[in-house]
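Asker: With positions in the sequence shown counted from 1, the corresponding number in our numbering is that position plus 1.
Sharing a structure, written as structure tokens. Questions coming.
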Amino acid sequence: MNRTTALAAVITVLAACSTNYTPRTPGRVFVTMEGGQPTYVRDGQSHRHGFLGGGLQRAVRGNIAAEAAANEYHDRLRDGLLVMLLGGTCATTALVWGVADAAREDPDHDRAATKMLVALGCSVLMMGGAFYTASAEPYRWDAINIFNDSAPPVYPGYGPPPAYGPGYAPSSSVATPAKKRLGMRDD
């Protein structure tokens with residue numbers, strides 16, 4: 002019974018990570034979920050977020066300020082991820098070498114301590130990369146907001162009001178009479 006309940010909970014949560022909703026307002030970028038991934042929708046066209054936010058760059062294309070924010074978002078994700086991977090690799094390598102030196106019981110324990118300090122420094126570098134990656138998030142929303150703020154306003158309703166009331170529009174087959182000129186008669 003517990004497995005069934007857990008499976009039902011997992012299926013429910015996974016089903017909540019997608020939607021069939023497609024925004025219809027033209028000239029704006031919306032964020033929706035498709036297949037559990039964030040997707041940017043602009044004018045009915047979907048742009049998946051992608052690994053480093055390439056979908057956002059495609060979604061806001063055409064607005065220079067929004068493109069600059071989207072590029073900053075992409076660059077911060079890329080650079081933060083690279084620093085995080087570099088720091089993680091460095092920390093793991095230094096930690097393994099430091100433990101190996103300490104296990105050898107060499108009289109020179111300074112090498113092991115130095116490698117442990119290098120591992121600590123690399124861990125700090127890795128955390129710095131994670132924080133830099135996290136600092137990219139405001140640029141994503143800036144790009145979307147800048148793009149949407151420059152779009153023409155869309156008012157609720159059915160569009161602009163007609164020039165004539167319903168049923169009173171002039172027919173294209175009837176010519177409009179020319180205006181009479183008021184003035185003195187020629188006798």
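Note that the Cβ used here is the ideal one computed from N, Cα and C, for glycine as well.
#1: What does DSSP give as the partner residue(s) for V42 in the beta ladder?
#2: Taking all protein chains shown into account, decide if M34 is buried (16 or more other Cβ within 10 angstroms of its Cβ) or exposed.
#3: If we count Cβ pairs, one from each stretch, closer than 8 Å, do we get three or more for the segment 76 to 87 versus the segment 127 to 146?
#4: So, with DSSP's three-state summary, where would you put F148?
#5: Would you tell me roughly how many angstroms separate the C-alpha atoms of V119 and A95, rounded to the nearest one?
#6: Pairing CB atoms from the segment 140 to 150 with CB atoms from the segment 61 to 69, are three or more of them under 8 Å?
#7: So, under 8 Å CB-CB, A137 and R77 are touching, yes? Tell me the CB distance rounded to an integer number of Å.
#8: Looking at the structure shown, is R62 part of a helix, part of a strand, or coil, going by DSSP?
#9: Assign Q58 to buried or exposed, taking buried as 16 or more other Cβ atoms, counted over all protein chains shown, within 10 Å of its Cβ.
#10: Can you list, in chain order, the residues of its chain whose CB lies under 7 Å from that of A92, leaving out five sequence neighbours each side?
#11: Taking all protein chains shown into account, do 16 or more other C-beta atoms lie within 10 angstroms of the C-beta of R43, making it buried, or fewer, making it exposed?
#12: DSSP state of L8, grouped into three classes?
#13: So what's S136 in DSSP terms, helix, strand or just coil?
#14: Less than 8 Å between the CB atoms is what I'm expecting for P39 and V30, so what's the real figure, rounded?
#15: Straight-line CA distance for D150 to G55?
#16: For G36, which option in G28, A101, G51 and Y74 has the closest C-alpha, if you only look at C-alpha atoms?
Answerer: In this structure, then:
#1: F31 and S47
#2: exposed
#3: Output reads yes: the segment 127 to 146 touches the segment 76 to 87.
#4: helix
#5: Answer to the nearest angstrom: the Cα atoms are 6 Å apart.
#6: yes
#7: Rounded to the nearest angstrom, the Cβ distance from A137 to R77 is 3 Å, consistent with a contact under 8 Å.
#8: coil
#9: In the assembly as shown, Q58 is a buried residue. Its beta-carbon has 16 or more other beta-carbons within 10 Å.
#10: A120, C123, S124 and M127
#11: buried
#12: helix
#13: If DSSP states are grouped into helix, strand and coil, S136 belongs with coil.
#14: The Cβ separation is near 12 Å, so there is no contact.
#15: Annotation: D150 to G55 spans about 21 Å, alpha carbon to alpha carbon.
#16: G51
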